[in-house]
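Everything in the sequence shown is counted per full-length UniProt numbering, starting at 1 for the first residue and increasing by one. These notes are about the structure you will find just below.
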Amino acid sequence: MSTPRPPHIAHWFLRCFCRPELLEAVEGDLHELFEERLTTLGTRRARWYYVRDALVLFRPSLIRHVSLSFFLVPMLQNYFKVGLRQLLRHKFYATVSLLGLAVGMAACLLISLYVADELSYDRYHAHGDRLYRVAGNYRHGGDEPQRLALTNFQLAPLLENDFPEIEQWVRLDFMSKVVANGAQKHQETNVLVADSSFFELFSFRLVQGSPATALSGPQQVVLTEVTAQKYFGTQDPMGQTLEIDDQPVLVTGVMEAIPTNTHFHADLVLSMATQVPLYPDYVVRYRTGALTQYTYVLLEEGTDPQQLEAQLENFVATHDGPEAVDETQYFLQPLADIHLRSDLGQEIEPNGSITYVYMFMAVALIILLLACVNYVNLATARATERAKEVGLRKVVGAHRSQLIGQFLGESLLIVLLASVLTAVLVWAAMPLFNQLADKQLAFRPFSNFPLLGGLLLCAVSIGVLAGSYPALVLSAFRSVQVLKGGSVSPGRRSLGTRKILVLGQFVLSIALVIATLVIGQQLHFLHHKRLGFNTHQVVTMPLSPEGFQRFGALKEALQRDPRVTSVTASNSPLTERVGGWRQYRMAGRTPESGLNIPTIDVDFDFFQTIEAEMVAGRSFSSDRPADTLNAYILNETAARFLELDDPVGASLQGTLFNGAQWSGKDGIVIGVVKDFHFASLHNKIEPVVFSLYTTQTFPLRWVSVRLRNEDVSEALGFLETTWQQFDPELLWHYSFVDQELAEKYRAEARFLQVFSLFSGLAILIACLGLLGLTAFAVRQRTKEIGIRKVLGASLADLVLLLTREFLWLVLLAFLIAVPLAWYFMRQWLDDFAYRINLTAWPFVLAGASALLLVWLTCSSQSLRAALANPVRSLRNE
């Protein structure tokens with residue numbers, strides 16, 4: 001394996017600017033630092049620090065001396081003065097150019113900060129390039145396997161034993177616990193349980209404590225600085241004791257808060273040795289079905305992850321039997337890919353999307369392109385006004401290359417001024433942008449040298465690229481023809497190029513508007529499509545195992561209040577996908593015909609509480625005690641999956657599991673409930689079997705209460721008071737089902753907000769350019785307008801004369817944008833399990849809006865010219 005080397009570009013940049021007498025010493029120092037960082041920080045971070053150091057060294061004391069010719073300095077000063085005078089003389093066009101460039105660059109910079117943050121997730125770990133998460137495809141039943149981020153408890157040590165390529169591993173589990181310090185007690189919902197190697201695999205900094213021993217034994221916990229202050233104030237938390245779920249636990253470390261650009265977060269980290277005795281027996285003993293852990297492995301240097309992944313099939317066959325190969329397929333996910341490229345079930349936190357990142361990058365490029373096109377169009381449109389200046393400069397000896405240099409210098413001046421305005425706009429917009437994007441981005445260019453260097457490089461590049469075409473057009477004028485008063489029109493080619501650029505602007509702008517409308521329509525569909533049950537006014541609350549023993553009395557007490565409509569319980573919340581796969585087969589069929597189906601255990605009144613519709617048979621009834629022993633209810637998908645044409649009355653042989661042993665349950669299908677969605681619409685409806693709780697199943701852990709519409713706040717107070725009487729072991733907290741479901745679409749809603757913002761800015765930039773072009777066209781045709789008015793042209797005729805060219809361009813742009821937007825939006829919608837059908841109205845609305853905006857923009861200038869006194873425009877003739 002070749003030895004890692006410093007980045008070539010940074011090394012070349014250093015040699016370009018560094019003084020020769022200092023270069024050898026500087027290079028030596030940088031190489032020494034690079035070698036040290038390779039061993040302590042890893043290849044990726046060592047290379048990044050080398051680039052940063054090279055940029056930091058770009059300062060006057062190290063920059064080599066560059067001699068300028070005697071005539072060059074005065075010439076550059078003259079170029080600067082002329083460029084500044086042009087801006088001051090033509091304030092309107094200067095303002096349009098500056099504002100367009102500044103808004104475009106600010107939008108592009110904001111998107112760049114957002115994209116850079118998304119791409120930076122989990123890239124700061126020292127061994128991040130060798131860290132992988134083990135996930136799996138599990139085929140327990142149903143039409144398709146479940147792709148889950150979870151694995152079983154025993155997997156990690158078995159992997160280490162079978163594969164010497166695995167250097168270290170860690171298991172993570174996330175849960176909610178009651179944490180107390182004396183009388184101070186809180187329900188902590190972000191507790192991480194981890195093995196002792198946690199701080200050796202992940203680069204989270206411990207402020208106090210040792211990474212090797214902080215989680216090495218039972219009854220140990222590491223707090224974040226914020227959590228430590230919450231429980232201990234200004235006292236030193238090290239060696240102090242907290243009670244976690246009524247168990248004394250020693251504080252063995254204090255860590256900095258987990259960075260925001262991490263795919264998981266926690267407020268305290270509990271040692272795995274503390275939690276293992278508290279796990280149900282089946283979690284620790286069984287390798288199949290008990291999926292509770294997130295497993296991460298650190299591979300040895302030089303290990304090929306694809307080769308290791310290919311051996312996992314034999315690993316499953318060895319430990320679980322050949323038949324398990326079809327049911328379980330493990331695979332590796334690079335740590336840095338989890339946030340943007342993982343859409344598995346049971347993710348720790350909602351992930352981002354690489355598709356959205358690509359879309360934002362495209363929008364940033366489009367906006368920057370629109371801003372540059374504005375500048376190019378205005379500069380070339382005004383070329384005739386500077387024809388005499390070009391002619392005079394050529395007569396006195398200026399070469400074309402010098403003229404190109406002059407106009408490029410003016411372009412750079414405008415871009416640099418726009419860059420200053422860009423920095424102000426970004427600084428002012430950052431709080432609002434962070435709120436919309438749900439980020440904590442910061443704009444500090446002077447403390448971030450790579451960012452500052454990138455901004456300057458970007459500004460110079462934009463100035464050169466945007467100024468090149470106008471410079472070539474202006475410098476091509478023939479001096480003799482210009483000074484004799486001949487035609488100085490840039491020509492049909494320049495005019496055609498300008499029209500093509502305007503056309504391109506509106507193709508991109510209309511396509512963005514269509515995309516925004518379609519995305520909004522899809523999100524509205526997700527938010528408002530009926531899930532198959534009534535989510536409004538349903539409160540869910542977790543129930544402790546001790547509290548479940550008193551659930552009957554709790555339910556009776558709650559139902560006595562007139563503000564409560566109904567009460568039920570289940571072993572999983574309504575807002576999560578159903579797990580608990582159990583095997584079922586129809587009576588009379590062979591044992592091999594058994595099918596695994598997700599199963600949820602419920603209490604009586606479950607379907608009445610959620611107001612689900614029964615399409616056949618009946619619901620569970622407390623008046624029929626036999627329902628507890630032998631009754632099943634299927635959803636429509638489960639009935640189809642079991643191939644039952646007439647499911648009610650069918651005999652179904654199923655299984656039960658209480659965490660310690662399996663048992664059988666031979667029952668009758670008493671009803672079929674209309675399909676409804678657990679969780680969100682991101683996934684298709686799965687087969688589900690509903691069964692009543694028995695002592696052979698797990699205790700029910702979630703209570704659902706339907707409230708009447710009036711006095712919700714008072715009803716919540718009543719729920720809390722009653723709850724504390726029957727379940728004091730668990731701190732009371734609740735959530736509304738509709739709010740929990742809305743939270744599942746937060747990523748899409750956030751994306752829509754940000755995308756809409758930048759689409760609006762793109763339209764604004766396009767309209768700014770159009771405003772400048774219209775103003776210039778009106779100025780050029782002032783005398784023509786005066787003559788037409790004298791000859792009797794109406795106000796409408798004059799406005800149409802000045803606007804119809806742009807209106808035709810918008811219509812053509814609409815015809816081009818429609819198929820492009822239709823294609824890309826169809827691709828985007830195909831990623832959703834439930835989606836809208838593309839209809840005509842977003843396209844029609846986008847086209848009509850574009851026409852209206854163009855008409856208003858052009859008319860604002862056209863009306864002024866049409867209403868002006870023709871005497872003023874003709875008095876010099």
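Just so it is clear, CB atoms sit at the ideal spot from N, CA and C, and this is done for glycine as well. This one's a predicted model, so the numbers in the text were calculated from it and none came from an experiment.
Measuring straight from C-alpha to C-alpha, what distance separates residue i and residue j?
i           : j           : result
residue 136 : residue 290 : 13 Å
residue 612 : residue 677 : 11 Å
residue 745 : residue 195 : 32 Å
residue 16  : residue 63  : 9 Å
residue 70  : residue 5   : Annotation note: pLDDT 43 at residue 70 (below 50); position unreliable, no value reported.
residue 707 : residue 689 : 26 Å
residue 774 : residue 29  : 58 Å
residue 170 : residue 335 : 13 Å
residue 732 : residue 764 : 50 Å
residue 121 : residue 130 : 15 Å
residue 645 : residue 626 : 25 Å
residue 565 : residue 743 : 25 Å
residue 423 : residue 113 : 13 Å
residue 343 : residue 468 : 45 Å
residue 487 : residue 371 : With a pLDDT of 49 at residue 487, under the threshold of 50, the modelled position of that residue is not reliable, and the figure given next carries that caveat. So the alpha carbons of these two residues sit roughly 30 Å apart.
residue 801 : residue 94  : 26 Å
residue 722 : residue 818 : 59 Å
residue 881 : residue 531 : No information on residue 881 is available, as it lies outside the stretch 1 to 877 that the chain covers here.
residue 493 : residue 353 : Only weak support exists for where residue 493 lies, its pLDDT of 49 falling under 50; the coordinates are left without a value.
residue 215 : residue 229 : 20 Å
residue 724 : residue 551 : 12 Å
residue 323 : residue 594 : 14 Å
Name, in chain order, the residues that DSSP records as bridge partners for residue i.
i           : result
residue 502 : According to DSSP, which records beta bridges pairwise, residue 502 is partnered with nothing at all.
residue 185 : 180
residue 879 : Shown here, the chain extends from 1 to 877; a query on residue 879 therefore has no answer.
residue 542 : 702
residue 828 : Answer is none; residue 828 lacks a bridge partner.
residue 662 : 657
residue 132 : 297 and 334
residue 138 : 146 and 328
residue 194 : 172 and 271
Taking 8 Å as the cut-off, decide whether the C-beta atoms of residue i and residue j are in contact.
i           : j           : result
residue 699 : residue 545 : yes
residue 211 : residue 199 : yes
residue 502 : residue 846 : no
residue 679 : residue 575 : yes
residue 103 : residue 761 : yes
residue 209 : residue 254 : yes
residue 192 : residue 127 : no
residue 521 : residue 7   : no
residue 718 : residue 605 : no
residue 519 : residue 755 : yes
residue 543 : residue 569 : yes
residue 45  : residue 37  : yes
residue 766 : residue 446 : no
residue 631 : residue 586 : no
Considering only residues of the same chain and omitting the five flanking positions on each side of residue i, which have a CB-CB separation below 6 Å?
i           : result
residue 415 : 459, 462 and 463
residue 836 : 521, 522 and 525
residue 577 : 678 and 679
residue 317 : 325
residue 857 : 767, 770 and 771
residue 34  : 6, 46 and 50
Leaving aside the five residues before and after residue i along the sequence, list all residues of the same chain whose C-beta is less than 8 Å from its C-beta, in chain order.
i           : result
residue 672 : 614, 615, 616, 617, 633, 634, 635, 636, 639, 647 and 648
residue 19  : 62, 63, 64 and 65
residue 185 : 178, 179 and 731
Short of 7 Å in beta carbon distance, which residues of its chain neighbour residue i, apart from the five on each side in sequence? Order them along the chain.
i           : result
residue 814 : 510, 847 and 850
residue 168 : 197, 200, 201 and 298
residue 117 : 261, 439 and 441
Can we count residue i as close to the ligand COA, meaning its CB is less than 7 Å from some heavy atom?
i           : result
residue 598 : Because no ligand of any kind appears in the structure shown, any question about the ligand COA cannot be addressed here.
Query raised in the report: Which residue spans inside the stretch 235-276 form an unbroken alpha helix (DSSP H) run of at least 4?
Result: 272-275
Query raised in the report: Where in the stretch 581-633 do unbroken runs of the alpha helix (DSSP H), each at least 4 residues long, occur, reported from the N-terminal end onward?
Result: 606-610 and 627-630
Query raised in the report: Which ranges would you report for the alpha helix (DSSP H) in the stretch 286-343 if only whole runs of at least 4 residues count?
Result: 305-310, 312-320 and 338-341
Query raised in the report: Which ranges does the alpha helix (DSSP H) cover as unbroken runs of at least 4 residues, wholly within the UniProt domain "ABC3 transporter permease C-terminal" (362-473), from first to last along the chain?
Result: 387-395 and 400-437
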